[in-house]
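In our numbering, the protein residues as written are 75 to 316.
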């Protein structure tokens, strides 16, 4: 027990040699932990006046009782070929800030068949909007020549692989909220709705796309997929809205 005149010293955990995360957001939503290695979104949060703090969506624990930094990411942008195999990224993911604010990642991806393209990934939370977008831009397509000497058409799939592990509330310290994590498809908005339900709805978000897509929902993994047919000039743009 400390007397009223003594200060309480809060000592943070010591971290190892890690790269600083990419951060973005607006006045409605915050993305405080985007991985510089693969652009995965570890968590997203909003300020909730009813909960007197931050409500946060995070991925599942890698192992029981792990720290927040040891959780799997909540959302992972990815690119795959038409067979479902993840296309391998190049050795370097370069980052820049558009207008000194919007994170933009660029890398070269390669299919097992030898086809390549440049992937530009933009994560933007526009001012005044209650959410953010993840935009895929495919360009500079190089197709591999088959045994007949032809350059066949190339299909890429891009999407967001989601793993919703828990909903957290932060008021000085972070704690798991006793809510039901409910995921469902909304035919009205053509989106996947993730709702934290208590006695009433605490908070919800929806994931949609600017074109028709396929949805897959299994356990705690939500994977909206988009099959993309590369046009003759080898460029394409797809945007997911959250």
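Beta carbons: idealized from backbone N, C-alpha and C, even for Gly.
Residue 197 - containing beta strand (DSSP E), residue span
Position 123 of the chain shown, counted from the start, is the residue given in the question as residue 197. Segment 190-198, the beta strand (DSSP E) holding residue 197.
Mapping DSSP to helix, strand and coil, what is residue 130?
One-based indexing of the chain shown puts residue 130 at position 56. Reduced to three states, the DSSP call for residue 130 is strand.
Using C-beta distances below 8 angstroms, list every residue in its chain close to residue 273, excluding the 5 sequence neighbours before and after it, in chain order.
Taking the chain shown and counting its residues from 1, the one referred to as residue 273 is at position 199. Nothing meets the Cβ criterion.
Which word fits residue 86, buried or exposed, when buried means at least 16 other C-beta atoms lie within 10 angstroms of its C-beta?
Along the chain shown, read from residue 1 onward, the residue named residue 86 stands at position 12. Result: exposed.
Element boundaries [beta strand (DSSP E), containing residue 168]:
Translated into positions along the chain shown, residue 168 becomes position 94. 168-172 is the span of the beta strand (DSSP E), which, as asked, contains residue 168.
Indicate the three-state DSSP secondary structure (helix, strand or coil) for residue 144 in the structure shown.
Counting from one through the chain shown, the residue named residue 144 turns up at place 70. DSSP places residue 144 in helix when its eight states are reduced to three.
Looking at residue 213: is its Cβ nearer than 8 angstroms to the Cβ of residue 178?
As a working mapping, residue 213 is identified with position 139 in the chain shown. As a working mapping, residue 178 is identified with position 104 in the chain shown. Their beta carbons are not under 8 angstroms apart, which means residue 213 does not touch residue 178 by this criterion.
Let me check understanding here. Comparing Cα to Cα, which of 145, 184 and 172 lies closest to residue 230?
Within the chain shown, numbered from 1, the residue matching residue 230 stands at position 156. The option with the nearest alpha carbon to residue 230 is 184.
Using 8 angstroms as the threshold, is the C-beta distance between residue 250 and residue 271 below it?
The residue you call residue 250 lines up with position 176 of the chain shown. The residue you call residue 271 lines up with position 197 of the chain shown. Cβ distance not < 8 angstroms, so residue 250 and residue 271 don't count as in contact.
Near residue 96, which residues of its chain fall below 6 angstroms by C-beta distance, leaving aside the five closest residues on each side in sequence?
In the chain shown, residue 96 corresponds to position 22, counting from 1. Cβ within range, chain order: 108, 110 and 177.
How far does the beta strand (DSSP E) with residue 182 in it extend, from its first residue to its last?
The residue labelled residue 182 in the question sits at position 108 within the chain shown. Its beta strand (DSSP E) spans residues 176-184.
Closest by CA to residue 194, which one among 205, 174 and 215?
If you number the chain shown from 1, residue 194 lands on position 120. Ranking 205, 174 and 215 by Cα distance to residue 194 puts 215 first.
Determine which residues share a DSSP beta bridge with residue 256 and list them.
Here the question's residue 256 lines up with position 182 in the chain shown. In the DSSP output, where bridge partners are listed per residue, residue 256 has 269.
What would DSSP say about residue 247, mapped onto helix, strand or coil?
As a working mapping, residue 247 is identified with position 173 in the chain shown. The answer is strand: DSSP assigns residue 247 an E or B state.
In DSSP terms, what residue 119 is bridged to
Position 45 of the chain shown, counting from 1, holds the residue named residue 119. Paired residue(s): 104 and 130.
7 angstroms Cβ shell around residue 126 - same chain, five flanking residues per side excluded:
Counting from one through the chain shown, the residue named residue 126 turns up at place 52. Excluding positions up to five away in sequence, the list reads 245.
Does the beta-carbon of residue 172 have 16 or more other beta-carbons within 10 angstroms, so that it is buried, or is it exposed?
Taking the chain shown and counting its residues from 1, the one referred to as residue 172 is at position 98. So residue 172 counts as exposed.
Can you tell me the Cα-Cα spacing of residue 281 and residue 242, whole angstroms?
The residue given as residue 281 occupies position 207 in the chain shown. The residue given as residue 242 occupies position 168 in the chain shown. Rounded to the nearest angstrom, the two C-alpha atoms are 19 angstroms apart.
Closest by C-alpha distance to residue 261, when choosing among 286, 124, 196 and 275
As a first step, residue 261 is located in the chain shown; it is residue number 187 there, counting from the start. Per the Cα distances, 286.
On a Cα-Cα basis, can you pick out the residue from 148, 276, 311 and 188 that is closest to residue 210?
The residue you call residue 210 lines up with position 136 of the chain shown. When each option's Cα is compared against that of residue 210, the closest is 311.
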